[in-house]
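If you're matching positions, the sequence shown starts at 449 in the working numbering and goes up one per residue.
For glycine and all other residues, C-beta sits at the position ideal for the given N, C-alpha and C.
Keep in mind that this is a model prediction, so the values were computed, not measured.
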Amino acid sequence: MKERGKKFIFLLLFTYLPLIILAYIIFIYGLIRRSAKRDDSQQADIIIVFGAAQYNGRPSPVFKARLDHTANLFKSNYAKKIITTGGHGLDARFTEAGVGKDYLMKQNIPADCILTEPSGSTTLDTIEKLLEYLKLQNLNKVIAVSDGFHLFRIKQIFCDNRIVAYGSPARQSPIESNLRSRVSASVREVFVYTGYLVQRKLHLPFPETKD
449 MKERGKKFIF
459 LLLFTYLPLI
469 ILAYIIFIYG
479 LIRRSAKRDD
489 SQQADIIIVF
499 GAAQYNGRPS
509 PVFKARLDHT
519 ANLFKSNYAK
529 KIITTGGHGL
539 DARFTEAGVG
549 KDYLMKQNIP
559 ADCILTEPSG
569 STTLDTIEKL
579 LEYLKLQNLN
589 KVIAVSDGFH
599 LFRIKQIFCD
609 NRIVAYGSPA
619 RQSPIESNLR
629 SRVSASVREV
639 FVYTGYLVQR
649 KLHLPFPETK
659 D
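1) Any idea which residues DSSP pairs V510 with across the strands?
2) Just the Cα atoms here: how many angstroms apart are A484 and A513?
3) What separation, rounded to the nearest whole angstrom, lies between the Cα atoms of V590 and Y477?
4) Roughly how far, in whole angstroms, is the beta-carbon of I562 from the beta-carbon of K549, given that I think they are within contact range, below 8 angstroms?
5) So what's Q502 in DSSP terms, helix, strand or just coil?
6) Hey, could you find the ends of the alpha helix (DSSP H) E576 is sitting in?
7) Pull the bridge partners of I496 from the DSSP assignment, please.
8) Going by C-alpha to C-alpha distance, which of R601, P622, S629 sits closest to F643?
9) Taking a contact to mean a Cβ-Cβ separation below 8 angstroms, would you say L650 touches N609 in this structure?
10) For V612, write down the residues that DSSP places opposite it in a beta bridge.
11) What does the Cβ neighbour count give for G505, buried or exposed, with the cut at 16 atoms within 10 Å?
12) Thinking just about the alpha-carbon of each residue, which of P617, A519, D573, L599 is nearest to the one in G535?
13) Apart from the five residues just before and just after D493, which ones in its own chain have a Cβ nearer than 6 angstroms to its Cβ?
14) Using a Cβ-Cβ cut-off of 6 angstroms (strictly less than) and excluding sequence neighbours within five positions of I575, which residues of its own chain qualify?
15) Exposed or buried, what is T463 when buried is set at 16 or more other beta-carbons lying within 10 Å of its beta-carbon?
16) From Y551, T543, P507, I557, pick the residue whose C-alpha is nearest to that of K523; which is it?
17) So, Y614 versus D488, is the Cβ gap smaller than 8 angstroms?
18) To test your reading of the DSSP string, which unbroken beta strand (DSSP E) runs of 3 or more residues are found completely within the region 534–569?
19) Apart from the five residues on each side of it in sequence, which residues of its chain come closer than 8 angstroms, Cβ to Cβ, to K529?
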């Protein structure tokens, strides 16, 4: 009887576990896409734009879309300060944060309104560094600018650290405007977000890949 019971349990797991995993992936994917479609922008203490690739000191099309959207939010008086983020990529001469600041200054945004966080290497690493500044300055409401697929995780990490984050997607990004890229990035985000949940639950370091 015990052997038969073990076989039955194994059969149940073999049958239903893949379905449970698939249902989880679909559920989280749905949350990611719902968040990607919403622009929650409202008055905040600061706008944070998350970095993306830069080439020879110039923002990539993805990064440019994020920066253009950030400039529009700033000029619409959603916040009085901006933080650009992102460290060194393949080109050690520039940081994404520095390139982002230079680009925004060319959009007639005053230099003293733009702060930089150039040392973060991943989303989680960047936010952990930002939290130090936000808490020191007693800032608790931010607008997070990135590609839509990225915002669900960003908002969750901020929320887990008692910071209110309003997601504002860069809709003109080549990633979000292309179906294949959008789906691919969102599926990948399911697994990166799951890794974050595991890391947080077990208090383990999680080797998050660079965004």
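So, from the listed chains and residues:
1) As a working mapping, residue 510 is identified with position 62 in the sequence shown. DSSP output for V510 lists no bridge partner at all.
2) As a working mapping, residue 484 is identified with position 36 in the sequence shown. As a working mapping, residue 513 is identified with position 65 in the sequence shown. Rounded to the nearest angstrom, the two C-alpha atoms are 15 angstroms apart.
3) As a first step, residue 590 must be located in the sequence shown, where it is residue number 142. As a first step, residue 477 must be located in the sequence shown, where it is residue number 29. In a straight line, the C-alpha of V590 is about 24 angstroms away from that of Y477.
4) Indexing the sequence shown from 1 puts residue 562 at position 114. Indexing the sequence shown from 1 puts residue 549 at position 101. I562 to K549, Cβ: 5 angstroms. Contact.
5) Indexing the sequence shown from 1 puts residue 502 at position 54. Q502 falls in the strand class under three-state DSSP.
6) Residue mapping note: residue 576 aligns to position 128 of the sequence shown, counting from 1. From DSSP, the alpha helix (DSSP H) with E576 extends over 571–584.
7) On the sequence shown, position 48 is the one that residue 496 refers to. Paired residues: I531, A592.
8) Indexing the sequence shown from 1 puts residue 643 at position 195. With the sequence shown as reference, residue 643 is identified as Gly, and Phe is not the correct amino acid for it. Considering only alpha carbons, the answer is R601.
9) Indexing the sequence shown from 1 puts residue 650 at position 202. Indexing the sequence shown from 1 puts residue 609 at position 161. Cβ distance not < 8 angstroms, so L650 and N609 don't count as in contact.
10) As a first step, residue 612 must be located in the sequence shown, where it is residue number 164. For V612, which the question treats as bridged, DSSP gives the partners K589.
11) Along the sequence shown, read from residue 1 onward, the residue named residue 505 stands at position 57. Under this definition G505 is an exposed residue.
12) Here residue 535 refers to the residue found at position 87 when the sequence shown is read from its first residue. Among P617, A519, D573, L599, the Cα nearest to that of G535 belongs to D573.
13) Counting from 1 along the sequence shown, the entry for residue 493 is found at position 45. Here the set comprises L587, K589.
14) Here the question's residue 575 lines up with position 127 in the sequence shown. For I575, where only same-chain residues beyond five positions count, the Cβ hits under 6 angstroms are I605.
15) On the sequence shown, residue 463 is found 15 positions in, with the first residue counted as 1. Classification for T463: exposed.
16) Residue mapping note: residue 523 aligns to position 75 of the sequence shown, counting from 1. Closest option to K523, Cα to Cα, is I557.
17) Residue 614 sits at position 166 when you count from the first residue of the sequence shown. Residue 488 sits at position 40 when you count from the first residue of the sequence shown. A contact, by the Cβ cut-off of 8 angstroms.
18) 562–565
19) For the purposes of this step, residue 529 is taken as the residue at position 81 of the sequence shown. The residues are D493, I494, I495, C561, I562, L563.
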